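Residue numbers (our numbering): 8 to 353.
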């Protein structure tokens, strides 16, 4: 079972990969504001605006307890130097090639970053006796599953995008290392994260930019979509509460039943989602109110690799660390719009 809940320990040193990314930056900033020592690493790839990533890093570099190291996850030698030159206690792997649809046209990038890169992280954590490896999975692993809400105790063997397949693979790889080497690993299935400093390829960012420029927005599946939109601060709070609570072996685990949500190894996965799916048309209407502008809507069919609904069961997260996301969509969107106007001077 999960160990007794422990508060964030800022005597530890945290390595965060993907530090220039949306969630990675937000987590680093949270830890630094708590006076924790943070080592961030990123490769600043060009999947989206590098200037946005650099702007995030400029904020982090203002903190005395922060250090940045440039590295690709698939470059084991570069990663090894970071581990060798620093006393690292806990690793948070948020670096990965993101995007469901991009994985359809650019599969090789996902194999390098999400699989080859992750095995490097696992090997280094194993050999350096890291106390806890926390890593990003995704709600996309639920794939063709239609049982709602999605639970970590459900089977996730039917992904519908390569991105989802790589994330499911990460969970399997982590379990192997937890079983063979006793490495405590925690996988986090994030549900449609949004908020200030967000990714430009995500719906909220795309919609906001288009509406302000009086351009049409693409509304997929003819608007018949529901998403468990989760505010980034809630994601970060969930991560932070788990950092110093590594999983323990579940002595009651029954291999004849093989519950996917727990294990005889020190391994766990958690959903971090708002537990309250919102219809896409309601999401757009809330954004229109925040922008005080109406959207021109271009209704389109469901995209390849996409699912019509996501809905997170967060009972395990609540049980083990006493937290579940709770930021209302109206509040989250208003905060994003405020940031967007300030950052782009709109």
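We put the beta carbon where it would ideally sit given N, CA and C, even for glycine.
From a predicted model like this one, the values you see are computed outputs, not experimental measurements.
Between the beta-carbon of residue 234 and that of residue 287 there is about 7 Å, and that keeps the pair under the 8 Å contact cut. Per DSSP, the continuous alpha helix (DSSP H) segment holding residue 342 begins and ends at 336-351.
Secondary structure of residue 20 (DSSP, three-state): strand. DSSP, reduced to helix, strand and coil, places residue 117 within a helical segment of the structure shown. The beta-carbon distance between residue 137 and residue 19, rounded to whole angstroms, is 11 Å. This is too long to meet the 8 Å contact definition.
Taking each of 333, 218, 149, 93 in turn and checking the Cα distance to residue 244, the smallest one comes out for 333. In terms of Cα proximity to residue 40, the closest of 67, 310, 62 is 67.
The beta carbon of residue 120 sits closer than 7 Å to the beta carbons of 80, 81, 103, 104 from its chain, once the five residues preceding and following it are set aside; these are given in chain order.
The region 266-278 and the region 319-326 touch, with no fewer than 3 CB-CB distances between them shorter than 8 Å.
Only exposed fits residue 338, as fewer than 16 other CB atoms lie within 10 angstroms of its CB. Note on residue 307: under 16 other CB atoms within 10 angstroms of its CB, so exposed under the neighbour-count rule. For the region 110-176, the continuous alpha helix (DSSP H) assignments of 4+ residues that do not extend past its boundaries occur at 114-117, 124-134, in sequence order. Contact between residue 242 and residue 303 fails: their C-beta atoms lie close to 31 Å from each other, not under 8 Å. Take the alpha-carbon of residue 232 and the one of residue 84: they are about 43 Å apart. Contact between residue 236 and residue 180 does not hold, since the beta-carbon distance rounds to 29 Å and is not under 8 Å. Remark: C-beta atoms of residue 86 and residue 152 do not approach each other more closely than 8 Å. Beta-bridge pairing by DSSP links residue 76 to 48.
Bounds of the alpha helix (DSSP H) holding residue 39 are 29-40. Residue 312 sits in coil when the DSSP states are folded into three classes, being neither helix nor strand.
If you draw a straight line from the Cα of residue 23 to the Cα of residue 93, it comes to about 13 Å. Secondary structure at residue 291: helix, using DSSP grouped into helix, strand and coil.
Under the DSSP assignment, residue 63 falls in the alpha helix (DSSP H) whose first and last residues are 57-67.
When C-beta atoms of the region 342-351 are compared with those of the region 173-187, fewer than three pairs fall below 8 Å, so the two segments do not count as touching. When the beta-carbon positions are compared, residue 202 and residue 240 come within less than 8 Å of each other.
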